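Undergrad: Per numbering that gives the first Met the number 0, the very first residue in the sequence shown carries number 0; after that it's consecutive. Pasting a structure here, questions to come.
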Amino acid sequence: MSRQEVLVIGPIMPFVVERLKLHHDVVECENEADSAGFLAREGSRVRAVAVGLHGLSAKTIAALPKLEIIASFGVGYDAVDVAAAARAGVVVTHTPGVLTEEVADTALGLMLMTVRELSAAERHLREGRWQSEGNYRLSDGSLTGAVLGIVGLGRIGKAIAKRAEACGMKIHYHGRHRQADTAYPYHETVVDLARAADVVMVVAPGGAQTRHLINADVLAALGPHGYLINIGRGSVVDEAALVAALREGVIRAAGLDVFDDEPNVPSDLIEQPNAVLLPHVGSASRATRQAMGQLVVDNICAWLEGKPPLTPVPETPVPDCT
Ligand code: NAP
0 MSRQEVLVIG
10 PIMPFVVERL
20 KLHHDVVECE
30 NEADSAGFLA
40 REGSRVRAVA
50 VGLHGLSAKT
60 IAALPKLEII
70 ASFGVGYDAV
80 DVAAAARAGV
90 VVTHTPGVLT
100 EEVADTALGL
110 MLMTVRELSA
120 AERHLREGRW
130 QSEGNYRLSD
140 GSLTGAVLGI
150 VGLGRIGKAI
160 AKRAEACGMK
170 IHYHGRHRQA
180 DTAYPYHETV
190 VDLARAADVV
200 MVVAPGGAQT
210 RHLINADVLA
220 ALGPHGYLIN
230 IGRGSVVDEA
240 ALVAALREGV
250 IRAAGLDVFD
260 DEPNVPSDLI
270 EQPNAVLLPH
280 VGSASRATRQ
290 AMGQLVVDNI
300 CAWLEGKPPL
310 TPVPETPVPD
320 CT
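Here it is, written out as structure tokens:
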């Protein structure tokens, strides 16, 4: 394989850059704004770009007339303008599968922390209140026997369902389509799902289609004994409606791994005692992040060797490489 120039735009784990450098010449730009000078000078030569969670805009795609592949780190690729890539005939790849079990584990942990109030109970101990005030209060909720309503029963949603069933939960789901290969009860609308569920677990992708899918109506349907867990994308939940719902007891509690404007978490969310907040760590183990990074590298190397991409997204074209 001849060495080619690969452009890396935005923060990405150093492992990706190190591995790419074994095969290709890598140019790194800190962010899209930073890349403007390079793109004006050299953009017409670049065939492959690797990007992290910050994605790639239509403007940058347009500044790369020879671009053939965008390899995105992560399974969610809502920050990459896939419509612009498709119009330009550029393949977009992502990293599905290799993070499924890790994210499902995190989701289960976040649900337990939220429903059984484990982080609040730990604070009670660390702050010396076990000795001064006595036992931590009894949690209102339990997993056993509860209905888990999954919004987005895909790879990760199904892995969460398996774990939740082992905890004695009953699974319901909502998505754009009823799935023929599952017996879990399907709900046409997310409000119907929330009415049936004790815990709503969001694991749907971000983007315009799902923006604020979880709104005040859904939270009202979930009710004062209900829990919301978001392991999908921050944009799916209307954060202002959620803060109001947590504050006013419209729902019991929420557990969030993702936020609308990361890493800026609204202070009125941080102030809610009934919110469990994690800094987007769903897939964040060394082994899983390396597997994701390797898949970014493998997609680019395969493509530059004239082979098909390994894990293209469905929206962009995959030209015949044979
Ligand atoms: P997937 O297999 O593609 O599953 C996505 C599911 O979402 C599908 O079942 C799909 O069902 C449903 N869906 C898509 N659009 C929808 C809409 N408009 N309304 C309702 N449901 C919709 O993807 P995955 O691998 O499970 O990953 C899911 C998401 O998890 C990613 O996109 C990413 O945003 C998030 N994620 C987060 C972390 C983290 O660190 N917190 C890590 C990895 C992934 P239908 O087609 O029937 O609608």
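Heads up, the beta-carbon is just placed ideally off N, CA and C, and yes, glycines get one too. These numbers were taken from a predicted model, which means no experiment stands behind them.
For Ser266 and Gly281, what's the separation of their Cα atoms in angstroms?
TA: Counting from 1 along the sequence shown, the entry for residue 266 is found at position 267. Counting from 1 along the sequence shown, the entry for residue 281 is found at position 282. C-alpha separation (whole angstroms): 22 Å.
Undergrad: Considering Cα atoms alone, identify which of Glu101, Ile250, Tyr183 and Thr209 is closest to Thr287.
TA: For this step, residue 287 is matched to residue 288 along the sequence shown. Comparing Cα-Cα distances from Thr287 to each of Glu101, Ile250, Tyr183 and Thr209, the minimum goes to Glu101.
Undergrad: Compute every distance between the C-beta of Val79 and the non-hydrogen atoms of ligand 1, then say whether any falls below 7 Å.
TA: Residue numbering aside, residue 79 sits at position 80 when the sequence shown is read from its first letter. No.
Undergrad: Classify Trp302 as buried or exposed, calling it buried when 16 or more other Cβ atoms lie within 10 Å of its own Cβ.
TA: Within the sequence shown, numbered from 1, the residue matching residue 302 stands at position 303. It counts as buried.
Undergrad: Taking Ala252 as the reference, give the member of Val242, Glu261 and Pro10 with the closest Cα.
TA: Sequence index remark: in the sequence shown, residue 252 carries index 253 (1-based). Considering only alpha carbons, the answer is Val242.
Undergrad: Confirm, please, whether the CB-CB distance from Ile69 to Val45 is below 8 Å.
TA: Within the sequence shown, the letter at position 46 stands for residue 45. Within the sequence shown, the letter at position 70 stands for residue 69. Not closer than 8 Å, so no.
Undergrad: Give every residue of the same chain whose Cβ lies closer than 6 Å to the Cβ of Val202, excluding the five residues on either side of it in the sequence, and list them in chain order.
TA: Looking up residue 202 in the sequence shown gives position 203. Result list for Val202: Gly151, Ile155, Gly156, Ile230 and Gly231, in chain order.
Undergrad: Using a Cβ-Cβ cutoff of less than 6 Å, which residues in the same chain neighbour Ser34 once the five nearest sequence positions on both sides are dropped?
TA: Walking along the sequence shown from the start, residue 34 turns up at place 35. Counting only Cβ-Cβ distances below 6 Å, and skipping sequence neighbours, we find Ile8 and Cys28.
Undergrad: Give the straight-line distance between the Cα atoms of Val235 and Asp197, rounded to the nearest whole angstrom.
TA: Along the sequence shown, read from residue 1 onward, the residue named residue 235 stands at position 236. Along the sequence shown, read from residue 1 onward, the residue named residue 197 stands at position 198. Taking the straight line joining both Cα atoms gives about 19 Å.
Undergrad: Is there at least one non-hydrogen atom of ligand 1 closer than 7 Å to the beta-carbon of His186?
TA: Numbered from its first residue, the sequence shown carries residue 186 at position 187. It does not: the Cβ of His186 is nowhere closer than 7 Å to a heavy atom of ligand 1.
Undergrad: In the structure shown, what three-state DSSP assignment does Ile170 receive?
TA: As a working note, residue 170 is residue 171 in the sequence shown. The answer is strand: DSSP assigns Ile170 an E or B state.
Undergrad: What first and last residue would you give for the beta strand (DSSP E) that runs through Asp24?
TA: In the sequence shown, residue 24 corresponds to position 25, counting from 1. Looking at the DSSP string, the run of the beta strand (DSSP E) that includes Asp24 is Asp24 to Cys28.
Undergrad: From the DSSP output, which residues share a beta bridge with Ala47?
TA: Taking the sequence shown and counting its residues from 1, one reaches residue 47 at position 48. For Ala47, which the question treats as bridged, DSSP gives the partners Val5 and Ile68.
Undergrad: Given a threshold of 16 other Cβ atoms within 10 Å of its Cβ, counted over all protein chains shown, does Leu137 qualify as buried or as exposed?
TA: Position 138 of the sequence shown, counting from 1, holds the residue named residue 137. Leu137 is exposed by the Cβ-count criterion.
Undergrad: Whose C-beta lies closer than 8 Å to the C-beta of Glu238 among residues of the same chain, with five residues either side of it excluded?
TA: Residue mapping note: residue 238 aligns to position 239 of the sequence shown, counting from 1. So the list reads Phe258, Asp259, Pro265 and Leu268, once near-sequence residues are dropped.
Undergrad: What does the Cβ neighbour count give for Ser80, buried or exposed, with the cut at 16 atoms within 10 Å?
TA: Within the sequence shown, numbered from 1, the residue matching residue 80 stands at position 81. The displayed chain sequence assigns Asp, not Ser, to residue 80. So Asp80 counts as buried.
Undergrad: My output table needs one value for Thr143: the three-state DSSP class, helix, strand or coil.
TA: As a working mapping, residue 143 is identified with position 144 in the sequence shown. Three-state result, Thr143: coil.
Undergrad: Could you tell me the distance, in whole angstroms, from the CA atom of Lys169 to the CA atom of Ala195?
TA: Position 170 of the sequence shown holds residue 169. Position 196 of the sequence shown holds residue 195. In a straight line, the C-alpha of Lys169 is about 11 Å away from that of Ala195.
Undergrad: Please list the terminal residues of the continuous beta strand (DSSP E) segment that includes Ser229.
TA: For the purposes of this step, residue 229 is taken as residue 230 along the sequence shown, with counting starting at 1. Note on identity: in this sequence residue 229 is Asn, with Ser being the wrong assignment. Counting along the chain, the beta strand (DSSP E) containing Asn229 begins and ends at Tyr226 to Asn229.
Undergrad: CA-CA distance, Asp256 and Leu309?
TA: Mapped onto the sequence shown, residue 256 falls at position 257. Mapped onto the sequence shown, residue 309 falls at position 310. Cα to Cα, Asp256 sits roughly 28 Å from Leu309.
Undergrad: In three-state terms, what does DSSP make of Val189?
TA: To locate residue 189, count along the sequence shown from 1; it is residue 190. Of the three classes helix, strand and coil, the one that applies to Val189 here is helix, per DSSP.
Undergrad: Which of the three DSSP states, helix, strand or coil, is assigned to Met291?
TA: In the sequence shown, residue 291 corresponds to position 292, counting from 1. Helix.
Undergrad: Anyone know if the C-beta pair for Val275 and Gly305 falls short of 8 Å?
TA: The residue labelled residue 275 in the question sits at position 276 within the sequence shown. The residue labelled residue 305 in the question sits at position 306 within the sequence shown. It is not a contact, given that the beta carbons lie outside the stated cut-off.
Undergrad: Return the chain-ordered ranges of every beta strand (DSSP E) run that is complete within the stretch 203-271 and spans a minimum of 3 residues.
TA: Correct list: 226-229 and 252-255.
Undergrad: Straight-line CA distance for Leu55 to Ala103?
TA: Against the sequence shown, residue 55 aligns to sequence position 56. Against the sequence shown, residue 103 aligns to sequence position 104. Their backbone Cα atoms lie some 27 Å apart in a straight line.
Undergrad: Return yes when at least one heavy atom of ligand 1 lies under 7 Å from the C-beta of Arg232, else no.
TA: Looking up residue 232 in the sequence shown gives position 233. Correct: Arg232 has its Cβ closer than 7 Å to ligand 1.
Undergrad: Could you compute how far the alpha carbon of Val292 sits from the alpha carbon of Met12?
TA: Stepping through the sequence shown from its first residue, residue 292 is reached at position 293. Stepping through the sequence shown from its first residue, residue 12 is reached at position 13. What sits at residue 292 in the sequence shown is Gly, not Val. So the two alpha carbons sit approximately 7 Å from each other.
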